[in-house]
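Student:
Residue numbers (our numbering): 225 to 460.
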């Protein structure tokens, strides 16, 4: 495994170690918990560093193979961070709402993405201006909604090779769809999560913005490294 991906000091500064109150814990997280302080579970950062390192090694290998990544995180306060990090490595993302069947009913979802592109084309051509005000307003609202939900996957023509999830409980449906389709998952797991239902858990605080930013940032850095190595191999 790659060494020095992250230091314990970095993890502490980003509050990655802070779990939930002890009465909200999931017993399946027991092996990832270091201690309890003031009724708050403290996450074992040595394990966080290890599993984050494993995840980074994994995504770098996949990126070098040209695999596609989908980032999922629909909590409002993390919307911008998730989109920025996904875009930084030219990957796909869902950061507003996970629509049921997004992966398991992919053909239908693709038709909605096509509807988005069709409406955008009509808007560019000035079609909306030729309509009655009420109808034009309705189409603009529909276009805004489609952009909100599908903008991050509009170029995703096939199912992703791996899905990276920041909040297991919030986006549990995404985890379940990935499991049904055997799509590998990387997921931040807080002390109230179930590490057994994801392929590569990363124990950590999934509530603090600084924690999620640090973990996502490291993963994206390694995706970019893999992508760079892939491009270099094409020219050598």
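By construction, the Cβ of each residue, glycine as well, lies at the ideal position given by its N, Cα and C atoms. In this text the structure is predicted, and so the values were computed from the model without any measurement.
Quick one: is residue 285 buried, meaning 16 or more other Cβ sit within 10 Å of its Cβ, or exposed?
Tutor: So residue 285 ends up on the exposed side.
Student: Which same chain residues, not among the five before or five after residue 252, have their C-beta less than 7 Å away from its C-beta?
Tutor: Taken in chain order, the residues that qualify are 418, 419, 420.
Student: Return yes when the Cβ of residue 318 is within less than 9 Å of the Cβ of residue 462, no when it is not.
Tutor: Nothing can be reported for residue 462: it is not among the residues displayed for the chain, which extend from 225 to 460.
Student: I'd like the ranges of any alpha helix (DSSP H) spanning at least 4 consecutive residues and lying wholly in the region 354-389.
Tutor: Entirely contained in the region 354-389, the alpha helix (DSSP H) runs reaching 4 residues are, in chain order, 357-374.
Student: Output yes or no for whether 9 Å exceeds the beta carbon distance between residue 274 and residue 440.
Tutor: Result no, Cβ atoms of residue 274 and residue 440 do not sit closer than 9 Å.
Student: Of the residues 390, 398, 422, which one's Cα is nearest the Cα of residue 432?
Tutor: Per the Cα distances, 390.
Student: When the Cα atoms are used, what is the spatial distance from residue 227 to residue 344?
Tutor: Annotation note: pLDDT 49 at residue 227 (below 50); position unreliable, coordinate value reported separately. Cα to Cα, residue 227 sits roughly 46 Å from residue 344.
Student: With distances taken between CB atoms, is the gap from residue 454 to residue 289 smaller than 9 Å?
Tutor: In this structure, residue 289 lies closer than 9 Å to residue 454 by Cβ.
Student: Considering only residues of the same chain and omitting the five flanking positions on each side of residue 230, which have a CB-CB separation below 7 Å?
Tutor: Answer for residue 230: 273, 276, 442, listed in chain order.
Student: Which one or two residues does DSSP pair with residue 259 in a beta bridge?
Tutor: In DSSP, residue 259 forms a bridge with 266.
Student: Of the residues 270, 416, 380, 438, which one's Cα is nearest the Cα of residue 335?
Tutor: Checked all of 270, 416, 380, 438; the closest Cα to residue 335 is 380.
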